[in-house]
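Enquirer: Residue numbers (this note's numbering), protein chains in the order written: chain W, 58 to 237; chain Z, 4 to 80.
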């Protein structure tokens, strides 16, 4: 799994239950899923990430350097889908979801990058996202967590829509390997 | 994260009258249309906005982005 917000990579063993990788049994793990969103293709890839602090729900953004694909980090896939769909509705931005409910969000409808509101209004939206992210356990800069994680030109292990990138080797590494 | 007009409204009162911007974020999403948008959205502002060619577009072969900016470098044969 990814550690230290993309700076490290470590190995963990998680059980497979009824054909599903049961990563949720480890409270330190979250799933990060990156989806291409500009209409070039339907690419998406997922990996596990440890140490985000996220306890429940999901965070998502379309402001994710530098390709600005859709990045979703979650403790369950239902909330991850709800977060992604909330961003589809708003045209992009940031969102924090738990129990299927949007707890805080920033709308960035211009290319999923820019707000059409004034600075004081945008600041209020960011405050709502940060408070909501803090509430689900991400206390350390929840903007940077989702926005910087997928940048595949900074050290060391970064998730993109094509897979998990080993930046220094400029290649992909397996996000999951099966063992008996 | 805000449109050029909103940006101008908050920086001009502090004395910033000229900015140089790199539109590589929006160029990675919508290509040259994004650069055209930044030029158009900045054209009539009381803030002078100098728009450079996007610096990292395409960013990497290890991610999908929408980027059409290519430079033709000239140099010694």
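The C-beta atom is built at its ideal place from N, Cα and C for all residues, glycine as well.
Taking Cβ-Cβ distances shorter than 8 Å, what residues in chain W pair up with residue 17 of chain Z?
Expert: Counting from one through the second chain, the residue named residue 17 of chain Z turns up at place 14. The contacting residues do not exist; residue 17 of chain Z stays about 12 Å from chain W at best.
Enquirer: Closer than 9 Å by beta-carbon distance: list the chain W residues that pair up with residue 62 of chain Z, in chain order.
Expert: Against the second chain, residue 62 of chain Z aligns to sequence position 59. Those are 122, 123, 124, 208, 209, 210, listed as they occur along chain W.
Enquirer: Grouping DSSP H, G and I as helix and E and B as strand, with all else coil, what is residue 52 of chain Z?
Expert: Counting from 1 along the second chain, the entry for residue 52 of chain Z is found at position 49. It is a strand residue.
Enquirer: Quick test of the definition: if touching needs 3 or more C-beta pairs under 8 Å, does the segment 204-213 of chain W touch the segment 133-146 of chain W?
Expert: Cβ pair count under 8 Å is below three, so no.
Enquirer: Given that a residue counts as buried once 16 or more other Cβ atoms are within 10 Å of its Cβ, and exposed if not, what is residue 56 of chain Z?
Expert: In the second chain, residue 56 of chain Z corresponds to position 53, counting from 1. Answer is exposed; the Cβ neighbour count stays below 16.
Enquirer: Since residue 115 of chain W and residue 129 of chain W should fall inside the 8 Å C-beta cutoff, what is the C-beta to C-beta distance between them, to a whole number of angstroms?
Expert: The sequence position of residue 115 of chain W within the first chain is 58, counting from 1. The sequence position of residue 129 of chain W within the first chain is 72, counting from 1. About 6 Å; that satisfies the 8 Å criterion.
Enquirer: The alpha helix (DSSP H) with residue 135 of chain W in it runs from where to where?
Expert: For the purposes of this step, residue 135 of chain W is taken as residue 78 along the first chain, with counting starting at 1. Per DSSP, residue 135 of chain W belongs to the alpha helix (DSSP H) from 134-147.
Enquirer: By the three-class DSSP mapping on this structure, what secondary structure does residue 212 of chain W have?
Expert: As a position in the first chain, residue 212 of chain W is number 155, starting the count at 1. Looking at residue 212 of chain W - three-state DSSP - the assignment turns out to be coil, as it is neither helix nor strand.
Enquirer: Can residue 216 of chain W and residue 102 of chain W be called in contact, C-beta distance under 8 Å?
Expert: Taking the first chain and counting its residues from 1, one reaches residue 216 of chain W at position 159. Taking the first chain and counting its residues from 1, one reaches residue 102 of chain W at position 45. It is a contact, given that the beta carbons lie within the stated cut-off.
Enquirer: Excluding the 5 residues flanking residue 168 of chain W on each side, which residues of the same chain have their C-beta closer than 8 Å to its C-beta?
Expert: One-based indexing of the first chain puts residue 168 of chain W at position 111. Here the set comprises 125, 149.
Enquirer: Pick out whichever of W/117, W/123, W/104 has its Cα sitting closest to the Cα of residue 58 of chain Z.
Expert: Locating residue 58 of chain Z in the second chain gives position 55, counting from the first residue. Looking at the Cα atoms, W/123 is the closest of the given residues.
Enquirer: Could you tell me whether the segment 87-98 of chain W touches the segment 215-235 of chain W, using the rule of 3 or more Cβ pairs below 8 Å?
Expert: Short answer: they touch.
Enquirer: According to the Cβ coordinates, are residue 30 of chain Z and residue 70 of chain Z closer than 8 Å?
Expert: To locate residue 30 of chain Z, count along the second chain from 1; it is residue 27. To locate residue 70 of chain Z, count along the second chain from 1; it is residue 67. Cβ atoms of residue 30 of chain Z and residue 70 of chain Z: closer than 8 Å.
Enquirer: With a threshold of 8 Å, are at least 3 pairs of Cβ atoms found where one atom belongs to the segment 186-198 of chain W and the other to the segment 145-163 of chain W?
Expert: Yes, the segment 186-198 of chain W is in contact with the segment 145-163 of chain W.
Enquirer: According to DSSP, residue 162 of chain W sits in a beta bridge with which residue or residues?
Expert: For the purposes of this step, residue 162 of chain W is taken as the residue at position 105 of the first chain. Answer is W/152.
Enquirer: Where residue 121 of chain W and residue 21 of chain Z are concerned, what is the direct C-alpha to C-alpha distance, given to the nearest angstrom?
Expert: Sequence index remark: in the first chain, residue 121 of chain W carries index 64 (1-based). Sequence index remark: in the second chain, residue 21 of chain Z carries index 18 (1-based). So the alpha carbons of these two residues sit roughly 27 Å apart.
Enquirer: Could you give the distance in angstroms between the alpha-carbon of residue 233 of chain W and the alpha-carbon of residue 104 of chain W?
Expert: Locating residue 233 of chain W in the first chain gives position 176, counting from the first residue. Locating residue 104 of chain W in the first chain gives position 47, counting from the first residue. So the two alpha carbons sit approximately 7 Å from each other.
Enquirer: Opposite residue 103 of chain W in the DSSP bridges: which residues?
Expert: For this step, residue 103 of chain W is matched to residue 46 along the first chain. DSSP output for residue 103 of chain W lists W/90 as bridge partner(s).
Enquirer: Given residue 51 of chain Z, which residues of its chain have a CB within under 8 Å of its CB, disregarding the five upstream and five downstream residues?
Expert: Here residue 51 of chain Z refers to the residue found at position 48 of the second chain. For residue 51 of chain Z, where only same-chain residues beyond five positions count, the Cβ hits under 8 Å are 20, 21, 22.
Enquirer: Check the C-beta distance from residue 127 of chain W over to residue 119 of chain W and give it rounded, since I have them as a contact under 8 Å.
Expert: Here residue 127 of chain W refers to the residue found at position 70 when the first chain is read from its first residue. Here residue 119 of chain W refers to the residue found at position 62 when the first chain is read from its first residue. Residue 127 of chain W to residue 119 of chain W, Cβ: 6 Å. Contact.
Enquirer: Give me, in chain order, the residues of the same chain whose beta-carbon lies closer than 8 Å to that of residue 8 of chain Z; leave out the 5 immediate sequence neighbours on both sides.
Expert: Start at 1 with the first residue of the second chain, and residue 8 of chain Z comes out as number 5. Excluding sequence neighbours, residue 8 of chain Z sits near 44, 48.
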